[in-house]
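Numbered by my numbering, the letters in the sequence shown go through residues 387 to 537 in order.
Even for Gly, the Cβ is constructed at its ideal location relative to N, Cα and C.
Reviewing the structure listed below.
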Amino acid sequence: MRSTSPAYRGTPPERHAIASPECEWLKRRALANQLSGACRTFIVADPDQCVFGYYAMAAGVVSHQSATRAVRRNMPDPVPAMVLARLAVHRRAQGIKLGGALLQDAVNRAVVVSQNAGVRALLVHALHDRAKEFYEHYGFQASPLHPMTLM
Numbered sequence: 387m388r389s390t391s392p393a394y395r396g397t398p399p400e401r402h403a404i405a406s407p408e409c410e411w412l413k414r415r416a417l418a419n420q421l422s423g424a425c426r427t428f429i430v431a432d433p434d435q436c437v438f439g440y441y442a443m444a445a446g447v448v449s450h451q452s453a454t455r456a457v458r459r460n461m462p463d464p465v466p467a468m469v470l471a472r473l474a475v476h477r478r479a480q481g482i483k484l485g486g487a488l489l490q491d492a493v494n495r496a497v498v499v500s501q502n503a504g505v506r507a508l509l510v511h512a513l514h515d516r517a518k519e520f521y522e523h524y525g526f527q528a529s530p531l532h533p534m535t536l537m
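Next up, the structure:
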């Protein structure tokens with residue numbers, strides 16, 4: 387998988403066809419969030435800059451109350467975390483495990499950050515049951531208080 391650098395620029399908005407409302411976020415908010423420092427967006431695109439998938443990451447925390455036992459063990463409250471803020475795959479790229487590859491890339495980036503700063507978990511906020519099942523398939527566990535928040 388080839389993902390871009392965090393400098394999300396130059397991909398024309400009309401080149402996105404992500405199969406979810408997430409596409410609107412990519413078209414309208416990704417660059418502004420990137421420039422403000424709110425998150426970093428990583429895309430996979432073909433040579434013509436058609437986006438096949440993307441994810442966005444940000445720094446965050448999770449309270450002991452919301453964290454799984456494994457995450458909160460021996461950690462301060464709140465627990466430092468990375469947040470996988472967005473993840474989406476183009477309709478034509480679904481079924482080829484691009485979502486899993488993007489997730490693995492995000493996990494790898496979180497590991498690198500954790501080697502340089504305090505990060506205990508990677509959080510995701512699933513928007514629907516299908517997304518929750520996707521993350522659970524890859525070993526994420528639901529928060530005891532917020533079942534659509536996984537870590």
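Could you tell me which of the options sits nearest to residue i, measuring between CA atoms?
{"i": "L470", "options": "G423, L417, S529, A507", "result": "A507"}
{"i": "A444", "options": "S529, D434, H511, H450", "result": "H511"}
{"i": "G486", "options": "A517, P464, V505", "result": "A517"}
{"i": "A467", "options": "Q451, F438, S500", "result": "S500"}
{"i": "V505", "options": "N460, Y521, E522, D515", "result": "N460"}
{"i": "R477", "options": "F428, W411, V493, V437", "result": "V437"}
{"i": "L488", "options": "Y521, L417, A416", "result": "Y521"}
{"i": "L412", "options": "R458, R472, N494", "result": "R472"}
How close, in whole Å, do the beta carbons of residue i and residue j come, if the pair is a contact with beta carbons under 8 Å?
{"i": "M534", "j": "A453", "result": "With a Cβ gap of about 15 Å, M534 and A453 do not count as contacting."}
{"i": "V430", "j": "L484", "result": "7 Å"}
{"i": "L509", "j": "G446", "result": "6 Å"}
When the Cα atoms are used, what is the spatial distance from residue i to residue j?
{"i": "R455", "j": "V448", "result": "12 Å"}
{"i": "Q369", "j": "A474", "result": "Residue 369 is absent from the model: the chain starts at 387 and stops at 537."}
{"i": "A442", "j": "A496", "result": "12 Å"}
{"i": "A503", "j": "V465", "result": "12 Å"}
{"i": "P530", "j": "Q451", "result": "8 Å"}
{"i": "D463", "j": "Q527", "result": "19 Å"}
{"i": "G525", "j": "D491", "result": "15 Å"}
{"i": "H532", "j": "Q435", "result": "37 Å"}
{"i": "C425", "j": "H523", "result": "25 Å"}
{"i": "N419", "j": "V498", "result": "22 Å"}
{"i": "R414", "j": "S422", "result": "14 Å"}
{"i": "D432", "j": "I482", "result": "15 Å"}
{"i": "E410", "j": "F428", "result": "16 Å"}
{"i": "A416", "j": "R458", "result": "31 Å"}
{"i": "N494", "j": "E519", "result": "21 Å"}
Self-check item: Inside the region 398-468 only - alpha helix (DSSP H) runs reaching at least 4 residues
Solution: 408-414, 416-422, 455-458
Quiz prompt | 3-residue-minimum beta strand (DSSP E) runs that sit fully inside the region 470-506, ordered along the chain | solution = none
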